[in-house]
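Trainee:
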Amino acid sequence: MTNGTRNTYFVLRVPSGTSMTYLRKIAAIIAKDIAAELRTREMLSSMGVFSILVIIVFNFALELTERQIVETTIPGALWVTIIFAGMLGLNRSLSVELDKGCLDGLLLTPVDRSAIFFGKAFGNALFMFVVEVILLPLFVVFFNVPLIQPWVMAILVLGTVGYAGVGTLLSSMAVNTRAREVLLPILLFPVAMPMLIAAVKATSGAMTGLPVSEWQQWLSLLIVFDVILITVSVMVFDYVVEE
Amino acid sequence: MNDRTGTTLAIISGALVVIALGLVFLWAPVEVTMKEVQRIFYFHVAVDWVGFLAFFVTLVASVMYLRTHERKWDIAALSSVEIGALFLTLGAMTGSLWARPVWNTWWTWDARLTTVAITWLVYLAYLMLRGAIDDPQRQARFSAVYGIVSFVTVPLTFASVFFLRTIHPALFASSTAAQGRMQFETGLGSAKMGMTLTFCVIAFTVVYITLLRMRIKLERTADRVAKLQQELVG
Amino acid sequence: MIEVKALVKSFGPTTALRGVNLSVPEGQFVTLVGPNGAGKTTLLRILATLSRPTRGLVKIAGHDLAKGAAEARRKIGLVSHQTLLYGDLAAEENLRFYGRMYDVADLDTRITQVLEMVGLAHRRRDPVRTFSRGMQQRLAIARAVLHRPSLMLLDEPYTGLDQDAAARLEAVMSGVGTEGRTVVMTTHDLERGLAVADRVVILARGRVAFEAQRSELDGAAFMAAYRKYTQ
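Heads up: the sequence lines are chains B, W and E, in that order.
Following the numbering used here, the numbering of the first sequence begins with 1 at its first residue and continues without gaps.
Following the numbering used here, the numbering of the second sequence begins with 244 at its first residue and continues without gaps.
Following the numbering used here, the numbering of the third sequence begins with 478 at its first residue and continues without gaps.
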């Protein structure tokens, strides 16, 4: 599976071309999801509209009169929005595969099941990133908070990756049940709780300009969460899709 | 249908619980601040402990099911979740009953209680997941997967709330009970408390095992009935 | 090509397949018939590696499915009554995606080739959801043969098609069949099923009830056998 000199920097650790092929399959799955979404824009528009609605509701629900109240509540509001908008995306992404039996189509191919998992999970993370990119400026504008900072973005990435990872696993189960979309929040929220707590506290620390040493344990927790949950999810994904 | 083991276990459980009650109310030392209210602590800890033990049993059963695809592991996982949920509910209730007079609140979001709440939600989610699936194999597989994934996150939840607490000082600093420190009137207080607690934990663990066994038998019987029905029909 | 021994598949208390023995040599076209609930779809899904047997041996092209199904998958193409196509993507894009998943060499040429084979070259850029049911089935076949599988599995491919579309499908499939492939097809359409097959197998209540070479059988005898073994 050589491809000329274009990808020589990948050649380093790989004895055969298998690693490259694996990554390419993941990329192909992500590309397919992006292409499909660009056609209809269903997922992104529903996630986007939902986010804006939530911002408006929070604006009226929270008494944002004092600076301190803003600082303590906004990180929570931000992450709640992300969690729920993300759920919409997760549901849709896996429902698409169920429709017309496309997941079976994927399982028929010799592609490694873990590649399917990573493809869907990173695709879902990507869609969540797009929504977050829109969300951050909106929060800055409506609530006057300094969210456009590198640390905040790093926290967003870390939190989203873990959430999308375990969310993809649980969503692939939920859509295969009678209760479908309704079941995903029930399954996902208890499991995502540590990530949510850590992300909110870390965002709060970064947003209020505290030095990293003050809130770095939350970052560590996020990283630990991501590593453990994604590893476990990949390992058990096989069992979810194999009949 | 003689179920000697079951009956014996039930009798032993009953006896242990009665003895535990005796120990707790008659033998255990009186705590200085909380007086008699403190005695609920023995049941609370024992029941909570069993609630989490049940989760561990579910984890092991889930892993074993995925490796062997044998129905018995699925039955064990399900039964443990149901009984664990029962124990955790009791744990939360006893915790509330204890908290109200001591802390003047029914609930607080500290590390332990939050973890109890989250675990309870996980149990609920597990049962709802099972309820939403008709195909028995898929039901077993999905539950096993969820059992494993959710077990992993519970310690992480505990850790995250624990960090929260070390940053913010305890909200109930005035009560020594909040820091888990209890003082007893008599000299041998702590030792007696330790022994009573251990006994209660053992007693309730035996109760758990008894109930678990009963639940497993029930499910096995249901399986046999279903199989007989199938054979009669087709 | 296919070797099935004592295959048992249970779903909890229900047993769908109760010990199926089947051997299909390379290049043979087998039509599998049977009433609803006989286990046809279950058997096909197991052959397609989408489902795992409870007990028994299944070998495809010499690969024991229990040990490693990935290699076998390269050689299998499935057409089920679900199209397995992404409605929002174009015909071409669907094929390109699957082609990548199967590591098909010379993908672009192959895509054009199969599209022409099924008579859909003029609609290659249109989203699949704009296709009629018949066209979708034809594209599904294109998807199934894209990677040049040696075994084709067809699960009631005529479902939902009118006479015209069914005739077109048949034309496509005979073209496909003569490429030297092994084919196993399930259908409720006994007449058509017999016409295209080398061998017919009747599945009833989870077991092989009857099988015969097409040369030994005519339409009437087949119908009689079907009625006999399936009440």
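Beta carbons are placed, not taken as given, at the ideal position from N, Cα and C, and that holds for glycine.
Mind checking which residues open and close the beta strand (DSSP E) that includes valine 690 of chain E?
Mentor: Checking the sequence, you will find glutamine at residue 690 of chain E rather than valine. Its beta strand (DSSP E) spans residues 684 to 690.
Trainee: Rounding to the nearest angstrom, what Cα-Cα distance links arginine 625 of chain E and valine 660 of chain E in this structure?
Mentor: Each residue's Cα considered, the two are about 13 Å apart.
Trainee: Helix, strand or coil, according to DSSP, for lysine 278 of chain W in the structure here?
Mentor: Here lysine 278 of chain W sits in strand by DSSP.
Trainee: Helix, strand or coil for histidine 312 of chain W, going by three-state DSSP, please let me know.
Mentor: Three-state DSSP puts histidine 312 of chain W in coil, outside helix and strand.
Trainee: What does aspartate 246 of chain W touch in chain E if you count any residue whose Cβ is under 9 Å from its own?
Mentor: What aspartate 246 of chain W touches in chain E: nothing, since even the nearest Cβ is about 24 Å away.
Trainee: Which residues in the same chain have their Cβ closer than 6 Å to the Cβ of leucine 94 of chain B, if we skip the five residues on either side of it in sequence?
Mentor: These residues qualify, in order along the chain: Ser171, Ser172, Val175.
Trainee: Quick check on the burial criterion: 16 or more other C-beta atoms within 10 angstroms. Buried or exposed for glycine 334 of chain W?
Mentor: Buried, since its Cβ has 16 or more Cβ neighbours within 10 Å.
Trainee: Leaving out five residues on either side along the sequence, give the residues of the same chain with a beta carbon under 7 Å from the beta carbon of arginine 6 of chain B.
Mentor: At arginine 6 of chain B, the pLDDT of 36 sits below 50, so the modelled position is not reliable; the number obtained from the coordinates is stated separately. The answer is none, since no qualifying residue turns up.
Trainee: Just the chain B side, please: which residues come within less than 9 Å of valine 449 of chain W by C-beta, in chain order?
Mentor: Residues of chain B passing the Cβ test: none, with the nearest at roughly 29 Å.
Trainee: What separation, rounded to the nearest whole angstrom, lies between the Cα atoms of proline 75 of chain B and valine 131 of chain B?
Mentor: Each residue's alpha carbon lies about 16 Å from the other.
Trainee: Determine contact between the segment 201 to 210 of chain B and the segment 101 to 121 of chain B, defined as no fewer than three beta-carbon pairs at a distance below 8 Å.
Mentor: No, the segment 201 to 210 of chain B is not in contact with the segment 101 to 121 of chain B.
Trainee: What residues in the segment 600 to 619 of chain E have a beta carbon less than 8 Å from any beta carbon of chain B?
Mentor: Within the segment 600 to 619 of chain E, the qualifying residues are Pro604.
Trainee: Going by beta carbon distance, what residues of the same chain come within less than 8 Å of valine 388 of chain W, once the five residues before and after it are set aside?
Mentor: Contacts found: Ser305, Leu309.
Trainee: Could you run through the segment 555 to 569 of chain E and flag, in chain order, every residue whose CB is less than 8 Å away from some CB of chain B?
Mentor: Listed in sequence order: Leu555, Ser557, Gln559, Thr560, Leu561, Leu562, Tyr563, Gly564, Asp565, Leu566.
Trainee: With a cut-off of 8 Å, do at least 3 Cβ pairs link the segment 50 to 66 of chain B to the segment 186 to 196 of chain B?
Mentor: Output reads no: the segment 186 to 196 of chain B does not touch the segment 50 to 66 of chain B.
Trainee: Along the segment 480 to 504 of chain E, where does the CB come closer than 7 Å to a CB of chain W? Name the residues.
Mentor: From the segment 480 to 504 of chain E, only Phe488, Gly489, Pro490, Thr491 have a Cβ closer than 7 Å to chain W.
Trainee: Would you list, in sequence order, the uninterrupted alpha helix (DSSP H) runs of no fewer than 4 residues that lie entirely inside the segment 563 to 644 of chain E?
Mentor: With a minimum length of 4 residues, the continuous alpha helix (DSSP H) runs that stay inside the segment 563 to 644 of chain E are 568 to 578, 584 to 594, 610 to 622.
Trainee: Specify, as a first and last residue, the run of the alpha helix (DSSP H) that glutamate 42 of chain B falls within.
Mentor: It spans 42 to 61 - the alpha helix (DSSP H) in which glutamate 42 of chain B sits, taken as one unbroken run.
Trainee: By the 10 Å Cβ neighbour count, where 16 or more other Cβ atoms means buried, how is threonine 357 of chain W classified, buried or exposed?
Mentor: So threonine 357 of chain W ends up on the buried side.
Trainee: Which word fits phenylalanine 299 of chain W, buried or exposed, when buried means at least 16 other C-beta atoms lie within 10 angstroms of its C-beta?
Mentor: Under this definition phenylalanine 299 of chain W is an exposed residue.
Trainee: Leucine 494 of chain E and glycine 516 of chain E look like a contact to me (Cβ under 8 Å); what is the Cβ gap, rounded to whole Å?
Mentor: Between glycine 516 of chain E and leucine 494 of chain E the Cβ distance is about 5 Å, and since that is below 8 Å, they are a contact.
Trainee: Taking only the alpha-carbon atoms, compute the straight-line gap between phenylalanine 225 of chain B and phenylalanine 330 of chain W and give it to the nearest angstrom.
Mentor: Using only the alpha carbons, I get a separation of about 28 Å.
Trainee: What is the DSSP secondary structure of arginine 676 of chain E, reduced to helix, strand or coil?
Mentor: Looking at arginine 676 of chain E - three-state DSSP - the assignment turns out to be strand.
Trainee: Phenylalanine 506 of chain E bridges to which residues according to DSSP?
Mentor: According to DSSP, phenylalanine 506 of chain E bridges with E/Val660.
Trainee: Name the chain E residues that come within less than 9 Å of aspartate 291 of chain W, Cβ to Cβ?
Mentor: The contacting residues do not exist; aspartate 291 of chain W stays about 35 Å from chain E at best.
Trainee: Put glutamate 467 of chain E into one of helix, strand or coil per three-state DSSP.
Mentor: Nothing in the structure corresponds to residue 467 of chain E, since chain E is present only between 478 and 708.
Trainee: Count the other CB atoms within 10 Å of the CB of tryptophan 215 of chain B; is the residue buried (16 or more) or exposed (fewer)?
Mentor: Classification of tryptophan 215 of chain B: buried, given that the 10 Å Cβ count is 16 or more.
Trainee: For proline 379 of chain W and chain E, any beta-carbon pair shorter than 9 Å?
Mentor: Closer than 9 Å to some Cβ of chain E, the Cβ of proline 379 of chain W qualifies, so yes.
Trainee: Mind checking if methionine 307 of chain W is an interface residue toward chain B, Cβ cutoff 9 Å exclusive?
Mentor: No, no contact with chain B.
Trainee: Figure out for me which residue from B/Met193, B/Val240, B/Pro137, B/Gln217 has the closest Cα to the Cα of isoleucine 83 of chain B.
Mentor: Here the closest residue by C-alpha is B/Met193.
Trainee: Can you check whether the C-beta of leucine 364 of chain W is within less than 9 Å of a C-beta belonging to chain B?
Mentor: Output row for leucine 364 of chain W: interface = yes.
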